[in-house]
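Protein chains: 2
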Amino acid sequence: MTALGLRRVPSQSRREHVADILRDAITDGQLKPGDRLIEIDLANQLGTSRAPVREALRQLEEQGLVASYPYRGSEVLGVSQDEVEQVLVPIRITLERFAYSRALGRLSEDDFHQLQELVDEMEAAAREGSTERLADADVRFHELIVVRSEQRHCLQIWKTIEPRVRAYFRRDAPAHADARTVPAQHQELLDVLRTGAEAAVLDAIDRHIHIHLSPGAASDER
Amino acid sequence: MTALGLRRVPSQSRREHVADILRDAITDGQLKPGDRLIEIDLANQLGTSRAPVREALRQLEEQGLVASYPYRGSEVLGVSQDEVEQVLVPIRITLERFAYSRALGRLSEDDFHQLQELVDEMEAAAREGSTERLADADVRFHELIVVRSEQRHCLQIWKTIEPRVRAYFRRDAPAHADARTVPAQHQELLDVLRTGAEAAVLDAIDRHIHIHLSPGAASDER
DNA sequence: CGCCTGGCGATTGTCGACAATCGCCGAGTT
DNA sequence: AACTCGGCGATTGTCGACAATCGCCAGGCG
């Protein structure tokens with residue numbers, strides 16, 4: 001961070017760029033389970049050679065977003081409600097409880113400032129009805145904390161879990177979260193984080209994920 | 223499965239082959255945290271071009287076994303006891319509880335036969351003191367059950383977790399499991415599986431993993 | 001002596017071409 | 001009509017060459 005508040009512009013390989021584009025298309029619902037992904041087609045559309053596309057598809061495959069069949073192409077993968085509820089959400093809870101407890105002693109005033117900005121962005125997104133922008137800020141909020149825990153494996157696994165959970169909720173349970181409550185839920189979480197009380201934080205992240213990532217949450221909240 | 227009991231010989235791409243070789247080298251302890259992995263060196267040693275090596279390294283990176291640095295090469299990653307205990311083992315438990323409960327109605331007599339053979343192989347490996355063979359049979363036992371659950375995401379995540387747990391125990395807690403008890407522990411688990419009683423099975427896999435994958439397990443057993 | 005800058009070695013990232021695989025479908029046989 | 005087999009289209013897997021990046025280190029300057 002320079003004195004001017006400028007950040008280094010991250011270099012991004014074509015592979016990473018392609019992976020981001022595809023992951024976003026899947027989590028946004030533009031690509032649906034069963035949609036075929038053909039290397040040469042994607043390469044042509046994206047103006048690149050097949051190699052970065054191959055590598056991006058491999059990455060997404062390891063992240064459970066895509067399935068590949070030898071010599072037959074790839075397809076977008078869905079995930080069942082059963083696996084979300086019984087596997088992915090509990091793993092997410094395990095990851096975030098650990099990350100939050102380890103991040104507690106590491107969050108700077110600048111971090112808290114950024115987290116507050118993300119909550120503000122959620123509020124703006126909710127006001128204008130942009131679910132993509134809301135989801136993006138939501139993800140960046142959680143990711144910032146996991147990153148600050150400095151637990152390498154925790155972050156790596158979190159990154160392989162979060163997108164498929166998000167894709168599921170976007171596609172299969174679109175009404176699960178009332179956009180108007182998402183910013184408040186994160187504000188509450190941030191307020192608890194500021195207290196620095198570990199037990200309260202763990203309790204809060206537990207509740208937050210249970211409320212926020214349960215397919216029946218919308219009805220339960222009423 | 224043909225009438226002769228022959229299995230189709232699985233085709234394996236070079237990428238998969240390279241990934242297996244590297245993963246085994248890491249979990250067996252031949253490659254250690256910090257060891258550098260250079261594409262062209264590995265390609266030359268393995269008699270292949272760089273492309274399959276690249277793809278294999280990417281796969282291992284997504285499985286938390288390797289870290290890559292742009293234009294600087296890759297290195298083998300370790301994992302801390304903290305992350306094993308607080309993250310990886312709890313995730314493993316979540317995965318296996320789910321997989322075992324889903325596999326219960328699906329295990330055939332042939333499956334049980336194969337599981338018994340794997341336990342027998344553990345006994346033979348323990349007798350001759352081959353920890354690699356013991357670990358291999360152990361992994362195949364658990365994997366067979368997760369595969370038979372037919373829960374795609376569960377298996378995919380399991381495959382990204384198991385090797386790094388195994389590598390940790392091989393490298394950093396080599397004395398954690400008494401080889402003589404491993405076969406018996408799996409026999410007990412298999413016997414409970416045969417009863418088909420879900421609650422007992424879940425309890426057994428819980429205990430099995432807690433006993434088998436706790437760094438202090440060796441002392442606790444005495 | 002300390003700091004800065006630029007060159008370069010080491011390595012990866014990408015490209016385009018050729019090799020290899022897989023399943024589908026049509027033709028031939030019974 | 002049902003079954004079998006082989007060809008081929010679609011696509012991936014691999015190769016080798018060239019392009020691009022990164023950090024280190026040596027040389028120059030103040």
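Chains D and S are the protein sequences, given in the same order.
Residue numbering for the first sequence follows my numbering, starting at 1 and increasing by one per position.
Residue numbering for the second sequence follows my numbering, starting at 223 and increasing by one per position.
All residues carry an ideal CB built from backbone N, CA and C; glycine is no exception.
{"Query": "Cβ-based contacts, 9 Å cut-off: residues of the region 46 to 69 of chain D near chain S", "Result": "A51, R54, E55, R58, Q59, E61, E62, Q63, G64 and A67"}
{"Query": "Of the listed residues S:T403, S:E410 and S:W380, nearest to P312 of chain S (C-alpha basis)", "Result": "S:W380"}
{"Query": "Sufficient close CB pairs (3 or more, under 8 Å) joining the region 351 to 359 of chain S to the region 57 to 70 of chain D", "Result": "no"}
{"Query": "Residue-chain proximity (S235 of chain S, chain D), Cβ-Cβ < 8 Å", "Result": "yes"}
{"Query": "Three-state class that DSSP yields for S66 of chain D in the structure shown", "Result": "Checking the displayed sequence, the identity of residue 66 of chain D turns out to be Val instead of Ser. Looking at V66 of chain D - three-state DSSP - the assignment turns out to be strand."}
{"Query": "Minimum Cβ-Cβ distance from I427 of chain S to chain D less than 8 Å", "Result": "no"}
{"Query": "For H142 of chain D and E123 of chain D, the rounded distance between their alpha carbons", "Result": "16 Å"}
{"Query": "Whole alpha helix (DSSP H) elements within the region 76 to 129 of chain D, 4-residue minimum", "Result": "89 to 103 and 109 to 128"}
{"Query": "Contacts that L317 of chain S makes with chain D (C-beta to C-beta distance below 9 Å)", "Result": "V87 and I91"}
{"Query": "Residues near R140 of chain D by beta carbon distance below 8 Å, same chain, minus five either side", "Result": "L118"}
{"Query": "7 Å CB neighbourhood of A265 of chain S in its chain, flanking five on each side removed", "Result": "S271, R272 and V275"}
{"Query": "Presumed contact (8 Å Cβ cut-off) between R97 of chain D and E150 of chain D, rounded CB distance", "Result": "Actually they are not in contact, since the Cβ atoms of R97 of chain D and E150 of chain D sit about 16 Å apart, beyond 8 Å."}
{"Query": "Closer than 9 Å at the beta carbon, the chain S residues around V79 of chain D", "Result": "R374 and H375"}
{"Query": "Spatial neighbours of V404 of chain S in its chain, beta-carbon cut-off 8 Å, leaving aside the 5 residues before and after", "Result": "M344, A348, L356, D360 and H434"}
{"Query": "Within chain D, the residues that T382 of chain S reaches when beta carbons sit closer than 8 Å", "Result": "E62, I157 and T160"}
{"Query": "Residue range of the unbroken alpha helix (DSSP H) whose run includes D206 of chain D", "Result": "E198 to H212"}
{"Query": "With 16 other Cβ atoms within 10 Å as the buried cut-off, status of Y168 of chain D", "Result": "buried"}
{"Query": "Inter-residue spacing [alpha-carbon to alpha-carbon] between R324 of chain S and A426 of chain S", "Result": "15 Å"}
{"Query": "C-beta atoms of G29 of chain D and R164 of chain D nearer than 8 Å", "Result": "no"}
{"Query": "Spatial distance of Q81 of chain D from S13 of chain D (CA atoms)", "Result": "34 Å"}
{"Query": "CB contact flag (A99 of chain D, I145 of chain D, <8 Å)", "Result": "yes"}
{"Query": "In DSSP terms, what G465 of chain S is bridged to", "Result": "Outside the modelled stretch of chain S, which goes from 223 to 444, sits residue 465 of chain S, for which no answer is possible."}
{"Query": "Within-8 Å CB hit, F169 of chain D to chain S", "Result": "no"}
{"Query": "Contact test: L326 of chain S Cβ vs the ligand GDP heavy atom, cutoff 7 Å", "Result": "Absence of the ligand GDP is noted for the structure shown, with no ligands found whatsoever."}
{"Query": "Which of helix, strand or coil DSSP assigns to L37 of chain D", "Result": "strand"}
{"Query": "Closer than 8 Å to chain D by CB, E305 of chain S", "Result": "yes"}
{"Query": "H430 of chain S classed as buried or exposed, judged by whether at least 16 other C-beta atoms fall within 10 angstroms", "Result": "buried"}
{"Query": "Reduced DSSP category for T27 of chain D - H, G, I as helix; E, B as strand; rest coil", "Result": "helix"}
{"Query": "Cβ-based contacts, 8 Å cut-off: residues of the region 318 to 344 of chain S near chain D", "Result": "F320"}
{"Query": "Per-residue burial, Q63 of chain D [other beta carbons within 10 Å of its own, 16 or more giving buried]", "Result": "buried"}
{"Query": "For V84 of chain D, the nearest candidate out of S:G295, S:V240 and S:T316 (CA to CA)", "Result": "S:T316"}
{"Query": "Length of the line joining the Cα atoms of R294 of chain S and I260 of chain S", "Result": "9 Å"}
{"Query": "Within 8 Å, strictly: CB atoms of L253 of chain S and V298 of chain S", "Result": "yes"}
{"Query": "Alpha-carbon spacing of D191 of chain D relative to L155 of chain D, whole angstroms", "Result": "23 Å"}
{"Query": "Beta carbon of L326 of chain S nearer than 8 Å to that of H153 of chain D", "Result": "no"}
{"Query": "Rounded separation between V147 of chain D and L115 of chain D - CA only", "Result": "13 Å"}
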